[in-house]
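2 protein chains.
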Amino acid sequence: MNRPLAIDRLNHILHALEEGGSVSVGALADRFAVSKETIRRDLKLLSDQGRVSLVHGGATAGIPAEPSLSRREANNATGKAAIGRKAASLVRDGMVVLIDSGSTTLFLAEALASREHLTVITNSLPIALTLCRTQGVKTIMLGGEIHANDEAAFGVDTLQLLTHYHVDLAFVGAGGISEDGDFTDYSRLAAEQRHLMLEAGRKAFMLADHTKFDRKTPVIIPPSPRMAGLIVDHLPEGLAATAAAQRRWPIILA
Amino acid sequence: MNRPLAIDRLNHILHALEEGGSVSVGALADRFAVSKETIRRDLKLLSDQGRVSLVHGGATAGIPAEPSLSRREANNATGKAAIGRKAASLVRDGMVVLIDSGSTTLFLAEALASREHLTVITNSLPIALTLCRTQGVKTIMLGGEIHANDEAAFGVDTLQLLTHYHVDLAFVGAGGISEDGDFTDYSRLAAEQRHLMLEAGRKAFMLADHTKFDRKTPVIIPPSPRMAGLIVDHLPEGLAATAAAQRRWPIILA
DNA sequence: CATATAAAGTCACAAAATGTCACATCACTC
DNA sequence: GAGTGATGTGACATTTTGTGACTTTATATG
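Line order of the protein sequences matches chains A and B.
Just so we're aligned, residue 14 is where the first sequence starts under the numbering used here, counting upward by one.
Just so we're aligned, residue 14 is where the second sequence starts under the numbering used here, counting upward by one.
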């Protein structure tokens, strides 16, 4: 009998926590066909390393019941805020900008909230709500089916609306950056939508904090010649670094 | 049996309170498929930590009895809440409903937050955000230019998106009801959009609390044969009453 | 204003799920 | 074959949840 390696369990647990925010002992035991006691030992191990927090029935990422808007936002909030401020510094009065959904881009939106004479197009509900409460910022919401996880619109309607707009700057997120330097996403639809967002901008910037480096998500976002830079909080290392260096766009450190 | 993690409930409650302003015991119990007693224990726990304030029937964020921003700004919150509940009672599981922007309709959305198997189409950012956080409710946002006052989309894009959808029930607000019993609005665009909303429903209901009676706003919303009722908190008097009585649709008292 | 009534809250106890610990088992190494 | 480390098993403790009786609160009604 080939027993799955323990290291795979631990990796899966950490990955699942980044995505979902919490894992349960029972679900993991089923998933790996091991006893709950084994899963508890795994979680205990990760807990001793300070990488997860144990709760009754499972574990959560970070501090349990942190009063943050979303887990992803709580993850590396400092780095994401820095990226947001850096991206905002590229925006000048009178510009029309497109802002993708995501926790990093929400920081960008907040950094833009003090501006005047700006037009912002977004598919994110929180970003639209934040900016429409700002005087001087004209906000356009891209409609469509709302994905609960992202609190943002994705779908046929969104894609179609996107074709109606052309903007000065587009700021787009990604699910991950592969070893080859490709940007990747969780679904075909999201990847296509982000590609269209890149295409909609005279210049397009990708936003990615270091937790995205070397993370593999299944679908590649098709590259775009509009791409004008990748804004990060740390310089990527290893394969991603060399791959990125071969591309035409610069890496901008926030 | 694998129990869903309790910590996720607590997080969800805190999360919902940050934007929603309040949660109800019954709705939470339904959503997580646990007993009300369990939800009460959750709220008690959070209350002991000073993170929520208990009120009869649920909990609110921070200071007790302080309604959410949009609701606090709403005049006649009691009447509008009653209208919202009444409208919600017309909605059955599995239906597709269209909800207009507005303070009254926001109460309707909150009343629907405990439902399952529902599809909601709306042009309002707060309504979309509230409902997309509800499991079992599929939310579709009508995009377009955001009007800051309404925190909702209006415009060419919104009108065009509206033509793509057909719903079981449409719930529409109005700026006022004229002496002649016509529904009126503040702008030509809004009036046209609300007319299209009425047309999009197999049945359409107008929602209006008594502060709208005999209020004149400049543009008439073209009437629609889909119109199936006017939901109010008080029966209108005077001219509006007689005018309304001549129409085909009933007046529904919340 | 008092009363009726439905909804919500409280409490105590039982049931179910989870956690802990000691020990058995298995595969693998030396 | 003894040692080592990871895993499974079962008894028992602990935590969480459900249930029902009862009390309290909100709301409508006369």
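Virtual Cβ for every residue (Gly too), placed ideally from N, Cα, C.
| query | Between which two residues does the beta strand (DSSP E) carrying residue 215/B extend? | reply | 214-220
| So, are the CB atoms of residue 184/A and residue 112/A less than 8 Å apart? | Residue 184/A places its beta carbon less than 8 Å from that of residue 112/A.
| CB contact flag (residue 159/A, residue 132/B, <8 Å) | no
| said: Quick check on residue 73/A: does DSSP put it in helix, strand or coil? | reply: strand
| Coarse secondary structure for residue 210/A, derived from DSSP in three states | helix
| field | Helix, strand or coil at residue 166/A according to DSSP, with G and I counted as helix | value | strand
| field | Residues bridged to residue 151/A [DSSP beta-bridge criterion] | value | 132/A
| said: Closer than 8 Å is the cut-off here; do at least three beta carbon pairs connect the region 186-200 of chain A with the region 170-180 of chain B? | reply: no
| Shortest alpha-carbon distance to residue 206/A belongs to which of 24/A, 136/A and 97/A? | 136/A
| Extent of the continuous alpha helix (DSSP H) to which residue 125/B belongs | 116-125
| message | At the 8 Å Cβ level, is residue 29/B part of the contact set with chain A, yes or no? | response | With 8 Å as the cut-off, residue 29/B does not count as an interface residue toward chain A.
| request: Tell me, please, whether the CB atom of residue 201/A is closer than 8 Å to any CB atom in chain B? | output: Interface criterion not met: the Cβ of residue 201/A is under 8 Å from no Cβ in chain B.
| query | Between the region 120-130 of chain B and the region 36-55 of chain B, do three or more beta carbon pairs fall short of 8 Å? | reply | With a cut-off of 8 Å, the region 36-55 of chain B and the region 120-130 of chain B count as touching, because enough Cβ pairs lie within range.
| Should residue 84/A go down as buried or exposed, given a rule of 16 or more other Cβ atoms within 10 Å for buried? | Bear in mind that the predicted position of residue 84/A carries a pLDDT of just 37, short of 50, making it unreliable; the figure below should be weighed with that in mind. So residue 84/A counts as buried.
| said: Is the separation between the beta-carbon of residue 244/B and that of residue 140/B shorter than 8 Å? | reply: no
| message | When you compare the CB positions of residue 20/B and residue 60/A, do they come within less than 8 Å of one another, or not? | response | no
| said: Helix, strand or coil for residue 40/B? Go by DSSP, reduced to three states. | reply: helix
| request: Compute the distance between the beta-carbons of residue 102/A and residue 165/A, then report whether it is under 8 Å. | output: It is not a contact, given that the beta carbons lie outside the stated cut-off.
| task | Note down, in chain order, each residue of its chain lying with its Cβ closer than 6 Å to the Cβ of residue 37/B, except the 5 sequence neighbours on either side. | result | 70 and 71
| request: Pull up the CB-CB distance for residue 242/A and residue 157/B, whole angstroms please, since I reckon it's below 8 Å. | output: About 30 Å separates the two Cβ atoms, so there is no contact after all.
| query | Are the Cβ atoms of residue 217/A and residue 179/A separated by less than 8 Å? | reply | no
| message | Let's test the definition: count the other Cβ atoms within 10 Å of the Cβ of residue 66/A and tell me whether it reaches 16, buried, or not, exposed. | response | buried
| Cβ-Cβ distance between residue 108/B and residue 182/B below 8 Å | yes
| request: Could you check the C-alpha separation between residue 266/B and residue 224/B for me, to the nearest Å? | output: 15 Å
| Where residue 158/A meets chain B, residues with beta-carbon distance less than 9 Å | 151, 152, 153 and 154
| field | Residue span of the beta strand (DSSP E) that contains residue 248/B, given as start and end | value | Taken as a continuous stretch (DSSP letters only), residue 248/B belongs to no beta strand (DSSP E), as it is neither H nor E.
| message | For residue 197/A, list the residues DSSP reports as bridge partners. | response | 189/A and 233/A
| Mind listing which residues of the region 104-136 of chain A have their C-beta closer than 7 Å to chain B's C-betas, in chain order? | none
| Which residues of chain B have a Cβ atom closer than 8 Å to the Cβ of residue 12/A, listed in chain order? | Any answer about residue 12/A is impossible in this case: the structure gives chain A only from 14 up to 267.
| request: Just the C-alpha distance for residue 119/B and residue 190/A, rounded to the nearest angstrom, thanks. | output: One C-alpha to the other measures close to 40 Å.
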